[in-house]
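Trainee: Chains as they are written, first to last, in the working numbering: chain X, 1 to 177; chain H, 178 to 354. All residues carry an ideal CB built from backbone N, CA and C; glycine is no exception. Just so we're clear, the structure is a prediction, and the values are computed from it rather than from any experiment.
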DNA sequence: CTAGAAGCGTCCGTTTTCGGACACTGCATG
DNA sequence: CATGCAGTGTCCGAAAACGGACGCTTCTAG
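Structure below.
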């Protein structure tokens with residue numbers, strides 16, 4: 001249950017503050033001042049906190065969005081939380097559309113940062129777990145969910161899953177449900 | 178793409194402020210000052226913003242957590258964002274464990290609130306879409322994902338899915354992939 | 001009480017799927 | 001060049017899944 005975070009920002013003070021806020025018995029934190037070779041740095045992490053503006057004075061967030069896209073394409077399950085000082089809603093929306101897990105404005109509240117990163121890490125774990133599932137396990141879960149959603153009504157559950165009722169019975173038995 | 182929000186707080190000023198922040202061409206907002214009959218009020222919403230403390234002076238957040246549990250059990254797909262003034266990390270963690278989608282501290286930043294609620298609404302939509310999927314469609318997606326993850330290597334993809342290779346071929350053909 | 005509707009669990013002849021095996025291709029290594 | 005490893009696509013007898021139909025139990029309404 002211990003999470004591994006990576007923080008990327010060109011300002012050492014920001015890195016120090018964020019690392020302090022996130023460090024704890026349940027979290028390992030590493031930092032980087034540049035997004036160079038970020039795929040390798042991010043390997044094995046549960047979440048990445050990424051600054052949007054690296055070039056001094058840059059405010060468009062383009063740099064961060066580029067790194068976001070690059071990292072997401074290398075490892076789609078990994079949650080990436082973006083942070084910026086110059087946060088407009090439109091920029092945030094664009095970031096979320098590109099796959100960012102969350103969006104934090106500097107200066108942040110430590111509570112909020114910790115919550116966001118914890119949620120992000122949990123999302124990563126969940127996606128990784130799902131990605132490794134066997135077809136049988138996926139089917140079992142879907143069936144269990146449908147059965148729950150229909151309140152135990154076999155006919156409705158079968159229809160919901162696109163099965164005939166006998167087929168649902170067979171699968172229930174096969175999965176031991 | 179227009180979202181419907183419900184805001185529940187006993188303070189009318191808070192309701193007004195939150196409604197103003199969230200209103201827009203893409204969002205319909207309704208408010209309530211009490212969580213009574215919340216299941217009915219929440220029907221058809223994409224996300225609910227819920228205060229944690231209703232009794233005057235109450236700070237434990239117990240009230241909000243109770244309503245959260247009640248609402249979650251009635252409609253598990255619905256995203257619920259909790260808000261409180263007296264936010265400790267432990268309370269936030271507890272809330273998230275009980276199924277809250279996010280956790281906002283009062284006073285909030287309008288940007289952050291809008292982002293949080295938009296993300297929550299998207300999460301609701303995604304879960305609802307998934308809940309209605311047929312077994313065939315679920316299988317098709319899982320296969321497509323595995324094939325992508327293995328870089329097109331049939332043997333690896335089959336192993337990942339817990340299938341024999343011929344079985345994977347049959348399913349590919351059946352799904353037209 | 002009775003008719004109808006809705007749901008349940010099972011049967012069985014037909015259809016589909018299963019997976020081990022086989023032959024083939026590409027490709028790196030000695 | 002030869003060897004071996006990894007991957008691909010297909011075949012076929014055995015095995016499993018398919019789904020329409022049947023008889024049964026509730027439950028609701030007239």
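1) Output, in chain order, the set of chain H residues within a Cβ distance shorter than 9 Å of residue 173/X.
2) Quickly, what does DSSP pair residue 4/X with across the bridge? List them, please.
3) Can you pull the chain H residues whose beta carbon is under 7 Å from the beta carbon of residue 109/X, in chain order?
4) Whole-angstrom Cβ separation of residue 180/X and residue 66/X, contact assumed at under 8 Å?
5) Are the C-beta of residue 72/X and some C-beta of chain H separated by less than 8 Å?
6) Where does the unbroken beta strand (DSSP E) through residue 282/H begin, and where does it stop?
7) Can you find a CB in chain H that lies within less than 8 Å of the CB of residue 138/X?
8) Using DSSP's beta-bridge definition, name the partner residues of residue 261/H.
9) What residue range does the beta strand (DSSP E) around residue 22/X cover?
10) Residues in the region 287–301 of chain H with C-beta within 9 Å of chain X's C-beta atoms, listed in sequence order?
11) Nearest chain X C-beta to residue 321/H closer than 8 Å, yes or no?
12) If we call anything under 8 Å between Cβ atoms a contact, is residue 20/X one with residue 5/X?
13) On the DSSP bridge list, what partners appear for residue 79/X?
14) If you follow the alpha helix (DSSP H) that residue 160/X is part of, which residue opens it and which one closes it?
15) Should residue 149/X be flagged as near chain H, meaning a C-beta pair shorter than 8 Å?
16) Is it true that the CB of residue 92/X sits closer than 8 Å to the CB of residue 223/H?
17) Quick one: measure Cβ to Cβ for residue 129/X and residue 146/X, integer angstroms, because I've assumed they're closer than 8 Å.
18) Does the Cβ of residue 213/H have 16 or more other Cβ atoms within 10 Å, making it buried, or fewer, making it exposed?
19) So residue 135/X is in the alpha helix (DSSP H); what residue range does that whole segment cover?
20) Given 8 Å as the limit, is there contact between the region 306–315 of chain H and the region 154–171 of chain X, that is, 3 or more CB pairs closer than that?
21) Cβ closer than 8 Å: which chain X residues qualify as neighbours of residue 179/H?
22) Using 8 Å for Cβ pairs, my map puts residue 101/X next to residue 123/X. What's the rounded Cβ distance?
23) Judging by CA-CA distance, which residue of 17/X, 74/X, 174/X, 14/X is the nearest neighbour of residue 40/X?
24) Output the boundary residues of the alpha helix (DSSP H) element that contains residue 287/H.
25) Evaluate residue 170/X with the Cβ neighbour count: other Cβ atoms within 10 Å of its Cβ, from every protein chain shown; 16 or more gives buried, anything less gives exposed.
26) With distances taken between CB atoms, is the gap from residue 272/H to residue 259/H smaller than 8 Å?
27) Whole angstroms is fine: what's the gap from residue 48/X's alpha carbon to residue 295/H's?
Mentor: Quick look at the numbers:
1) The premise fails here: residue 173/X is roughly 16 Å from chain H at the closest Cβ pair, so nothing lies under 9 Å.
2) 28/X
3) 282
4) There is no way to answer for residue 180/X, as the model of chain X reaches only from 1 to 177.
5) no
6) 279–282
7) yes
8) 282/H
9) Looking at the DSSP string, residue 22/X is not in any beta strand (DSSP E); the run it does join, the alpha helix (DSSP H), is 12–22.
10) 287, 288, 289, 291, 292, 293, 295, 296, 299
11) no
12) no
13) 47/X
14) 154–161
15) yes
16) no
17) Not a contact, Cβ separation roughly 20 Å.
18) exposed
19) 135–149
20) yes
21) Under the 8 Å cutoff, chain X gives no residues; its nearest Cβ is about 15 Å from residue 179/H.
22) 6 Å
23) 74/X
24) 287–308
25) exposed
26) yes
27) 21 Å
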